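Residue numbers (our numbering): 86 to 469.
Take a look at the structure:
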């Protein structure tokens, strides 16, 4: 059992005990702050169960034909569920607090509320100690490079209205290179490894758990403040402190849950990472002398620390070897193409991309040379 699982299970047991305690006392003495914290605790238990499932399924479910990336995004899904639960909880507490402004109930035993709040805060400190490293980022722009990363070229048979053949302006690599050449190209062009040690990144799933624990701690602080104020003062409006403190705590929880929800949604929707500008990267790629243009350029996150890119490269005429074929035409230098793709990979790797898929498209004069060179009659449709 991993450290993540042990911490989540320990917190599950602790939260279950305090859920029963806070809910029982809160309903008995009519304290909204305590009842709200109890509901938050119930929300935590559900969210912790989701987080535990996400950690387990990511480890136990490898990639297969149905899930080609495995369950790498299980923790992102768990983070989204946690965030949605938190937001729903916030709206529930807000509605209850507004009702209490019009009809504030009298809290019969503030001392008991104070004791339960203090005990709950102690349990929250234990939870924060278990998950404290997930409350902030680690390091700068570092990124990890797992063994599962890959960088390759591939060709797809794409349909086009104009047909295919000699008039096709561009073509795919696999249409002119034999399969063994394509395989050799793939094997000889691995991802460039950085010498620097990758920085440790926080798990979005565990960040969601941390936010729940932090929200609990704030809730118990609110319970303690409310209980002390009602116990030690004689103001006629002292019972309004209960819904006021509840609203303040809700605002803090909401401000933390909303960014987590947005981050997890962006990853699941395969949005471009906010730290990257694809237009700037595309412009930098097209500055390479052998590249005419690029299109179908996508950069997205598989999970919070693994970035993937794919693009089509439209190539200019490649340098020749100085040797002529039977028709007297110069033979292209294959190494120039390999170096061009390697340059693109290095550039993308500089921006933190871990896995790159590149599909080249050649001018038709190069297509003829490749057909002659490898004796292939395969044709390809152009990309549109």
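Even glycine gets a Cβ: it sits at the ideal position worked out from N, Cα and C. These numbers come from a predicted model, not from an experiment.
- Task: List in chain order: all unbroken alpha helix (DSSP H) runs of 4+ residues lying wholly within the stretch 304-329.
- Result: none
- For the alpha helix (DSSP H) holding residue 438, just list the boundary residues, first then last. Working through the chain shown from its first residue, we reach residue 438 at position 353. No alpha helix (DSSP H) contains residue 438, which DSSP labels as neither H nor E.
- Query: In whole angstroms, what separates the C-alpha of residue 395 from that of residue 146?
  - Reply: On the chain shown, position 310 is the one that residue 395 refers to. On the chain shown, position 61 is the one that residue 146 refers to. The straight-line gap from Cα to Cα measures roughly 25 Å.
- Which of helix, strand or coil DSSP assigns to residue 398: In the chain shown, the residue the question calls residue 398 occupies position 313. Strand, per DSSP.
- Message: Taking its Cβ as the centre, do 16 or more other Cβ atoms sit within 10 Å of residue 91, making it buried, or is it exposed?
- Response: In the chain shown, residue 91 corresponds to position 6, counting from 1. Exposed, by the Cβ-count rule.
- Under 8 Å between the Cβ atoms of residue 121 and residue 178? The count along the chain shown starts at 1 and reaches residue 121 at position 36. The count along the chain shown starts at 1 and reaches residue 178 at position 93. Cβ atoms of residue 121 and residue 178: closer than 8 Å.
- Quick one: Cα of residue 174 to Cα of residue 112, how far? Taking the chain shown and counting its residues from 1, the one referred to as residue 174 is at position 89. Taking the chain shown and counting its residues from 1, the one referred to as residue 112 is at position 27. Their Cα atoms are separated by approximately 18 Å.
- Message: Once the 5 residues before and after residue 101 are set aside, which same chain residues still bring their CB inside 7 Å of it?
- Response: One-based indexing of the chain shown puts residue 101 at position 16. Same-chain partners within the cutoff: 130.
- Sufficient close CB pairs (3 or more, under 8 Å) joining the stretch 330-345 to the stretch 364-372: no
- Item | Residues bridged to residue 386 [DSSP beta-bridge criterion] | One-based indexing of the chain shown puts residue 386 at position 301. Beta-bridge pairing links residue 386 to 392.
- Coarse secondary structure for residue 181, derived from DSSP in three states: Here residue 181 refers to the residue found at position 96 of the chain shown. Note: residue 181 maps to helix in three-state DSSP.
- Message: residue 350 and residue 172 - do their beta-carbons sit closer together than 8 Å?
- Response: What you label residue 172 is simply residue 87 of the chain shown in a count that begins at 1. What you label residue 350 is simply residue 265 of the chain shown in a count that begins at 1. For residue 172 and residue 350, no; Cβs fall outside 8 Å.
- Neighbourhood of residue 391 by C-beta distance below 6 Å, restricted to the same chain and skipping five residues each side: Taking the first residue of the chain shown as 1, we reach residue 391 at position 306. So the qualifying residues of the chain are 439.
- Query: Taking Cβ to Cβ, would you say residue 328 is nearer than 8 Å to residue 189?
  - Reply: For the purposes of this step, residue 328 is identified with residue 243 of the chain shown, where counting begins at 1. For the purposes of this step, residue 189 is identified with residue 104 of the chain shown, where counting begins at 1. In contact: residue 328 and residue 189 (Cβ atoms closer than 8 Å).
- Query: How is residue 100 classed by DSSP in three states: helix, strand or coil?
  - Reply: One-based indexing of the chain shown puts residue 100 at position 15. If DSSP states are grouped into helix, strand and coil, residue 100 belongs with the helices.
- Message: Taking the alpha-carbon of residue 115 as reference, which of 312, 304, 423, 160 has the nearest alpha-carbon?
- Response: Sequence index remark: in the chain shown, residue 115 carries index 30 (1-based). Closest by alpha carbon: 312.
- Message: Is the beta carbon of residue 373 closer than 8 Å to that of residue 442?
- Response: On the chain shown, residue 442 is found 357 positions in, with the first residue counted as 1. On the chain shown, residue 373 is found 288 positions in, with the first residue counted as 1. Contact: no.
- Query: Based on Cα-Cα distance, which residue from 194, 448, 176, 354 lies nearest to residue 398?
  - Reply: Taking the first residue of the chain shown as position 1, residue 398 is located at position 313. That would be 448, whose Cα lies nearest to the Cα of residue 398.
- Message: If I measure Cβ to Cβ from residue 134 and keep anything under 8 Å in the same chain, skipping five residues before and after, which residues do I get?
- Response: In the chain shown, counting from the first residue as 1, residue 134 sits at position 49. Same-chain partners within the cutoff: 97.
- Message: With a threshold of 8 Å, are at least 3 pairs of Cβ atoms found where one atom belongs to the stretch 305-320 and the other to the stretch 190-205?
- Response: yes
- Query: If residue 186 and residue 320 are in contact, beta carbons under 8 Å, what's the gap, nearest whole angstrom?
  - Reply: Taking the chain shown and counting its residues from 1, the one referred to as residue 186 is at position 101. Taking the chain shown and counting its residues from 1, the one referred to as residue 320 is at position 235. Contact flag wrong, Cβ pair sits at about 16 Å.
- Message: Threshold first: 4 residues or longer. Then list the alpha helix (DSSP H) segments lying entirely within the stretch 350-374, N to C.
- Response: 363-371
- Message: Per DSSP, what are the beta-bridge partners of residue 379 in this structure?
- Response: Residue numbering aside, residue 379 sits at position 294 when the chain shown is read from its first letter. The partner list for residue 379 (beta bridge, DSSP) reads 398.
- Query: Quick one: Cα of residue 364 to Cα of residue 162, how far?
  - Reply: Position 279 of the chain shown, counted from the start, is the residue given in the question as residue 364. Position 77 of the chain shown, counted from the start, is the residue given in the question as residue 162. Those two C-alpha atoms are separated by around 29 Å.
- Exposure label - residue 152; buried when at least 16 CB within 10 Å: The sequence position of residue 152 within the chain shown is 67, counting from 1. Label assigned to residue 152: exposed.
- Message: Can you check whether the C-beta of residue 362 is within less than 8 Å of a C-beta belonging to chain D?
- Response: Looking at the structure shown, chain D is missing, and only one protein chain is on hand.
- Query: Under 8 Å, do residue 117 and residue 182 count as touching if we go by C-beta distance?
  - Reply: Position 32 of the chain shown holds residue 117. Position 97 of the chain shown holds residue 182. Contact: yes.
- Cα-Cα separation between residue 432 and residue 109, rounded to whole angstroms: Working through the chain shown from its first residue, we reach residue 432 at position 347. Working through the chain shown from its first residue, we reach residue 109 at position 24. When rounded, the distance between both Cα atoms is 60 Å.
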